[in-house]
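Contents: one structure, followed by commentary.
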Amino acid sequence: MQFTLLPASHEAKGCLCSENSWPDFYKHYLSNHQVRPLKEGPLFCPTIFKDNHRCLANAISAQFIVFDYDNKIGKERSNSPALPDDVAFELEGYAWACYSTYSHQDDWPKWRLVIPLDRPIKPFEWEAVWTGAFYTLGGDSNNIDTSCKDMSRAFWLPACHPERKDQVFTEFYEGTFISVEKLIEASGLIPKAPEPEAPTIPKNRASTLPLATLRDVCDALQYIDPTPYEDWVKVGMALYNLNNDETGFSLWQQWSSQASNYDAKAIKEMPAKWKSFGNRPNEIQLETLFYRAKESGWPGNQQPVKSNLVDNLLKKQQEQLTIPDEKIFKQEHHQPQFPSHLLTVGGMLGLVSDLINRTATKVQPVFSLCAAIMLVGLLTNRKFCTPTGLRLNEYIVCLGPTGSGKDHPRKALKKILHDLQLTDYLGGERVASGQGLLSRVKNNPNVLFPIDEMGLLLQSVMHTNASNHEAQIITNLMQLYTSAASIFIGTEYADQKNKPRQDIEYPHVFLYGSSATEEFWRALESKNVLSGFVSRMLITQTSDEYPADNEFQQIDIKAPEELKEWWKEVSNLSGDDGNLVGLSPDKPIRLLFDKPAKELVDHYNRDIIHSALKQGNEVDRALFSRAFEHVSKLASIRALSNNPKSRYIQLDDVKWAMDFVSYSINVTRFAAQNRMADSEYQKNYNEILEAFRCAGNKGITEREFNRGVFSKWSKKVRMEIRDTLIAAELIKYGRVEGIAGRPRHAFVAMQAE
Numbered sequence: 001m002q003f004t005l006l007p008a009s010h011e012a013k014g015c016l017c018s019e020n021s022w023p024d025f026y027k028h029y030l031s032n033h034q035v036r037p038l039k040e041g042p043l044f045c046p047t048i049f050k051d052n053h054r055c056l057a058n059a060i061s062a063q064f065i066v067f068d069y070d071n072k073i074g075k076e077r078s079n080s081p082a083l084p085d086d087v088a089f090e091l092e093g094y095a096w097a098c099y100s101t102y103s104h105q106d107d108w109p110k111w112r113l114v115i116p117l118d119r120p121i122k123p124f125e126w127e128a129v130w131t132g133a134f135y136t137l138g139g140d141s142n143n144i145d146t147s148c149k150d151m152s153r154a155f156w157l158p159a160c161h162p163e164r165k166d167q168v169f170t171e172f173y174e175g176t177f178i179s180v181e182k183l184i185e186a187s188g189l190i191p192k193a194p195e196p197e198a199p200t201i202p203k204n205r206a207s208t209l210p211l212a213t214l215r216d217v218c219d220a221l222q223y224i225d226p227t228p229y230e231d232w233v234k235v236g237m238a239l240y241n242l243n244n245d246e247t248g249f250s251l252w253q254q255w256s257s258q259a260s261n262y263d264a265k266a267i268k269e270m271p272a273k274w275k276s277f278g279n280r281p282n283e284i285q286l287e288t289l290f291y292r293a294k295e296s297g298w299p300g301n302q303q304p305v306k307s308n309l310v311d312n313l314l315k316k317q318q319e320q321l322t323i324p325d326e327k328i329f330k331q332e333h334h335q336p337q338f339p340s341h342l343l344t345v346g347g348m349l350g351l352v353s354d355l356i357n358r359t360a361t362k363v364q365p366v367f368s369l370c371a372a373i374m375l376v377g378l379l380t381n382r383k384f385c386t387p388t389g390l391r392l393n394e395y396i397v398c399l400g401p402t403g404s405g406k407d408h409p410r411k412a413l414k415k416i417l418h419d420l421q422l423t424d425y426l427g428g429e430r431v432a433s434g435q436g437l438l439s440r441v442k443n444n445p446n447v448l449f450p451i452d453e454m455g456l457l458l459q460s461v462m463h464t465n466a467s468n469h470e471a472q473i474i475t476n477l478m479q480l481y482t483s484a485a486s487i488f489i490g491t492e493y494a495d496q497k498n499k500p501r502q503d504i505e506y507p508h509v510f511l512y513g514s515s516a517t518e519e520f521w522r523a524l525e526s527k528n529v530l531s532g533f534v535s536r537m538l539i540t541q542t543s544d545e546y547p548a549d550n551e552f553q554q555i556d557i558k559a560p561e562e563l564k565e566w567w568k569e570v571s572n573l574s575g576d577d578g579n580l581v582g583l584s585p586d587k588p589i590r591l592l593f594d595k596p597a598k599e600l601v602d603h604y605n606r607d608i609i610h611s612a613l614k615q616g617n618e619v620d621r622a623l624f625s626r627a628f629e630h631v632s633k634l635a636s637i638r639a640l641s642n643n644p645k646s647r648y649i650q651l652d653d654v655k656w657a658m659d660f661v662s663y664s665i666n667v668t669r670f671a672a673q674n675r676m677a678d679s680e681y682q683k684n685y686n687e688i689l690e691a692f693r694c695a696g697n698k699g700i701t702e703r704e705f706n707r708g709v710f711s712k713w714s715k716k717v718r719m720e721i722r723d724t725l726i727a728a729e730l731i732k733y734g735r736v737e738g739i740a741g742r743p744r745h746a747f748v749a750m751q752a753e
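Going by the UniProt record's numbering, the sequence shown opens with residue 1, and the numbers climb by one from there.
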């Protein structure tokens, strides 16, 4: 999806931008309002232009339609302003987004609607498509600003005045891209393509040059002295324009090595000088190289001289550019892998995991197990606590790429709870404010929040422009996690009458989040680990990013009878110390470790956790500070899953929980070292390095590096980071085995020496 970005309204020269998907476009450009005292700021135009110069004559195509809802009649405000809810019906099932504009006020709503099209449209189609969309939305010229229908019109990105930052809004909807043909049909207009221009035939330039083969070039270079700076630069430019990849550079480098002034300084400067030739394309061609060689006695390709330069070059390419497979970075040896034995689990955990796997289009056993842990813990309904008095509430986040099947376990949880008639146990999939979170927990303290796109939520609430009520979401989640065995004391407000303090008794909050891997880690910084927010979560990643479709998929998701019986049994349990034990959240049934389990737990506390807290770095200390807490909760959930009547946590339960928690800690430790960043540059650096590592043996070619997902960075940023990675020997350009065994030249990530 391409569009033009402009720095200011008076600037006609913009830059071409590209996003891989509609969600990416929204996230990067429409999801956050910039707070500034003046309206002026960056703009976007849905149209791309020739030479990136914004004017109607230069328009090439557009893939968005944008409408401004100013809600006015003349200079007065409309008595019936249009709101996003008013267009939701007409656009149901389609992709669209909207955001409040700079002039928006609660009593005079002004907002912008952005609709992606199913294909780019040409300038001659614009009027029909715009008109069709206008009619589709109801054709309300009182509320829609019809003066903004020019194809070259640019629109300010989301921004607001500091005094109105609490009034902003932005909304995003995924769906089918609206059909261009349907909009044209709705307009009643017939677009007419312009007559094609007669082709211009370029004049042939006479040339008496010999055939420019590689051997001809190498022969000619034997007659040119590389010592004079002017000749050295001109030959480099000629070779760059002949072949600006590694072959041309290696040839220039070998020829330069014959110069009397070729030293370490020259070697260091050559890559930058080679790159600078790209700023002067076609200035020096092979004519100059051959002319200079003939001046020095080169006889031309009719009488080639004996030269070893080309042979040396080809030999060097074979030896140096071919990268051995064992030196290429292996992703599977790098990231922590989920221990497969943890998936072999019985009881209700195994039953629910199996159900989710059987009904999945793409099976993700790790995520299914995590969902089962959430469900079993939730169904205990504040009746139990660990041997140390901890309640069983947990936060789990499952990470995987888009399309990997990470959404199904979350959806399955909702269906199972619906079948159990326990929808009051379900919190929202989106949380708008910290106070909204508390209000939901107040209604039912035993609640599960199945959060989709956890990474985008964190990016929003942790953004520097996030409002106070958004930032409170993180604070409240942290406090609720540690308040499960006590009373959560709410915030005090000045207006005690209308906004009384909300106290919550024994909140038992579960959070099951799913997210795209990169979006999640990009949202976090090292301070989030040290603050204790990340250590409250068990984070898992898929071991199979793109599993094959499940051939034996079952469609219906219903709670198994065994689960219903187990839940009834749990609901009717009470302790032995009185009728209220297990019946009231302030007197839960306390589980106990059996003797072998207690010995292992003591060893874990004494040797592993204590050692990490004493000798580890800041990240290790933050993560291991809650390791025992997670182990106790998971072991308790597994024990209850197997036998809710037993009061004992067994050795196998503890081993299983310890391995699960150790894996999660390793995932976070790895991310803290390789993915979390405290600056925008470091975030970009980590993402680009990870992309090279994920490419594995296939590598990333120069062409691929300038397209696709990499196009979200400017060329300057891409090249700067790539050169830094090369200098650090984290990536290398070379010859690798491509698709179907065909060799290709690409950048590959290297194994650490």
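Heads up, the beta-carbon is just placed ideally off N, CA and C, and yes, glycines get one too.
Quick caveat, the model's predicted, so the values are computed rather than measured.
DSSP, read as helix, strand or coil, puts E269 in helix. Note on Q105: under 16 other CB atoms within 10 angstroms of its CB, so exposed under the neighbour-count rule. Secondary structure at V345: coil, using DSSP grouped into helix, strand and coil. N684: member of the alpha helix (DSSP H) spanning 680–695, first to last residue. Annotation: A484 to R382 spans about 9 Å, alpha carbon to alpha carbon. The beta-bridge partner set that DSSP reports for P450 consists of Y512.
For Y69, the pairing in a beta bridge is given by DSSP as W111, I144. Residues of the same chain with a CB within less than 7 Å of the CB of K72, apart from the 5 flanking positions on each side, are S78 in chain order. One alpha carbon belongs to R292, the other to P271, and they sit about 24 Å apart. In terms of CA proximity to A657, P339 leads the group P339, N468, H33. Between the stretch 684–700 and the stretch 743–751 there are three or more C-beta pairs closer than 8 Å, enough to call the two in contact. The beta carbons of E519 and A677 sit no closer together than 8 Å.
Our two residues, L613 and R621, have alpha carbons roughly 5 Å apart in a direct line. Our two residues, E90 and T136, have alpha carbons roughly 7 Å apart in a direct line. Its chain contains L623 as the residues whose beta carbon lies nearer than 6 Å to that of I665, once the 5 sequence neighbours on both sides are disregarded; these appear in chain order.
Segment contact: the stretch 637–648 against the stretch 547–563, fewer than three CB-CB distances shorter than 8 Å; contact not assigned. Within the same chain, I284, T288, L289, R292 come within 8 Å of K234 by CB-CB distance, once the 5 residues on both sides are set aside.
DSSP, read as helix, strand or coil, puts E702 in helix. Short of 7 Å from the beta carbon of W713, and not among the five residues preceding or following it, lie these beta carbons of its own chain, in chain order: N684.
Taking all protein chains in view, the Cβ of G346 is surrounded by fewer than 16 other Cβ atoms within 10 Å, so the residue is classified as exposed. Note: E505 is bridge-paired with I487 in the DSSP secondary-structure output.
Judged by DSSP secondary structure, M750 falls outside any beta strand (DSSP E); it is assigned neither H nor E.
In the structure shown, A360 falls within a coil segment according to DSSP collapsed to helix, strand and coil. Residue burial is scored here from C-beta neighbours: A727 has fewer than 16 other C-beta atoms within 10 angstroms and is therefore classed as exposed.
Around the beta-carbon of Y229, fewer than 16 other beta-carbon atoms lie within 10 Å, marking it exposed.
Close CB contacts of N446 within its chain, under the 8 Å cut and outside five residues either way in sequence, are with L378, N381, R382, Y425, H508 (chain order). Straight across, the Cα-Cα distance linking F3 with Q337 is about 40 Å. The Cβ neighbour count for Q496, taken over all protein chains shown within 10 Å, is under 16; the residue is labelled exposed. The residue from T423, N476, R410 with its alpha-carbon nearest to that of S439 is N476. Partner residues in the beta bridge of P116, as assigned by DSSP, are F64. Assignment of beta-bridge partners to I731 by DSSP yields A749. In the DSSP assignment, the residues bridged to D549 are K362. The shortest CA-to-CA distance from A186 to any of C160, A635, G138, K27 is the one to G138. Contact check for L413 and M374: beta-carbon distance about 6 Å, within the 8 Å limit, so the pair qualifies. Ranked by Cα distance from S574, the options G248, E562, R590, P560 are led by R590. C-alpha of T668 to C-alpha of L420: approximately 35 Å in a straight line.
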